[in-house]
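Q: Handing you a structure now.
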Amino acid sequence: MAESEIPVVAEPVDPLSELKKDLEGWREALLPLNGLLTWEKPYHPGILVGVTTFIFALVWYFEPSLLTTLALMGLVITAVDFTVPLIGPSLFGSRPWTVTEERQFEEICQRILNLRGHFSSFVEGLATLKAEKPKVISEIVQS
């Protein structure tokens with residue numbers, strides 16, 4: 001092996017630090033969103049019910065096809081994913097990041113990793129069930 005061909009040893013990647021790096025642009029928006037989803041204020045459930053009702057009312061009123069609904073959901077998710085890191089610091093303020101906020105951000109990232117793990121376990125369980133008992137899967141799908 002020549003001197004210029006030094007093998008690169010991959011360092012073990014910590015999933016938490018990798019997710020924190022990926023969500024860096026979202027951190028100003030994730031803290032208030034987490035507060036909303038965990039009902040920190042007494043009016044947060046009302047906001048969630050109102051937003052959910054509004055979305056279902058739009059779907060009921062316009063009666064879009066499945067393809068249109070999926071396309072609109074993809075468009076909205078893409079637009080939000082693009083704009084939140086751009087306008088997040090100006091919208092939520094660009095104050096210094098405190099230790100408490102960093103701890104909350106780590107807890108949010110840990111919950112996201114737990115959700116990802118549960119989802120992958122669920123998918124693996126379904127794949128195992130399909131391989132071992134395909135008749136059960138066909139009954140579940142047909143019912």
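Residue 141 in the UniProt record's numbering is what sits at position 141 of the sequence shown, and the numbering runs on without skipping anything.
Think of the CB as a built atom: it goes at the ideal place given N, C-alpha and C, for glycine as much as any other residue.
Since this is a predicted model, take the numbers as computed values, not measurements.
Restricting to Cα atoms, I'd like to know which of Glu124, Val123, Phe105, Ser143 is closest to Arg27.
A: To locate residue 27, count along the sequence shown from 1; it is residue 27. Selected option, being the one with the closest Cα: Phe105.
Q: Give me the Cα-Cα distance between Asn34 and Ile108, rounded to the nearest whole angstrom.
A: Along the sequence shown, one-based indexing puts residue 34 at 34. Along the sequence shown, one-based indexing puts residue 108 at 108. Those two C-alpha atoms are separated by around 7 Å.
Q: Evaluate the contact criterion for the stretch 112-121 versus the stretch 57-69: three or more CB pairs, one atom per stretch, below 8 Å.
A: No, they do not touch.
Q: Could you give the first and the last residue of the continuous alpha helix (DSSP H) run that contains Val13?
A: Stepping through the sequence shown from its first residue, residue 13 is reached at position 13. Counting along the chain, Val13 falls outside any alpha helix (DSSP H), and DSSP gives it neither H nor E.
Q: My guess is that Ile47 and Leu36 are in contact by the Cβ rule of under 8 Å, so how many angstroms apart are they, rounded?
A: In the sequence shown, counting from the first residue as 1, residue 47 sits at position 47. In the sequence shown, counting from the first residue as 1, residue 36 sits at position 36. Between Leu36 and Ile47 the Cβ distance is about 7 Å, and since that is below 8 Å, they are a contact.
Q: Output needed for Pro89: all residues of its chain with C-beta closer than 7 Å, excluding positions within five of it in sequence on either side, in chain order.
A: Along the sequence shown, read from residue 1 onward, the residue named residue 89 stands at position 89. The residues are Glu28.
Q: Tell me the DSSP secondary structure of Ile112 in three-state form.
A: By one-based count along the sequence shown, residue 112 stands at place 112. Residue state, collapsed to three classes: helix.
Q: Work out the CA separation of Val99 and Glu139 for me, nearest whole Å.
A: In the sequence shown, counting from the first residue as 1, residue 139 sits at position 139. In the sequence shown, counting from the first residue as 1, residue 99 sits at position 99. If I take the Cα positions, the gap works out to 52 Å.
Q: Quick one: give me the first and last residue of the alpha helix (DSSP H) that Pro89 is part of.
A: Stepping through the sequence shown from its first residue, residue 89 is reached at position 89. Unbroken alpha helix (DSSP H) run through Pro89: 66-92.
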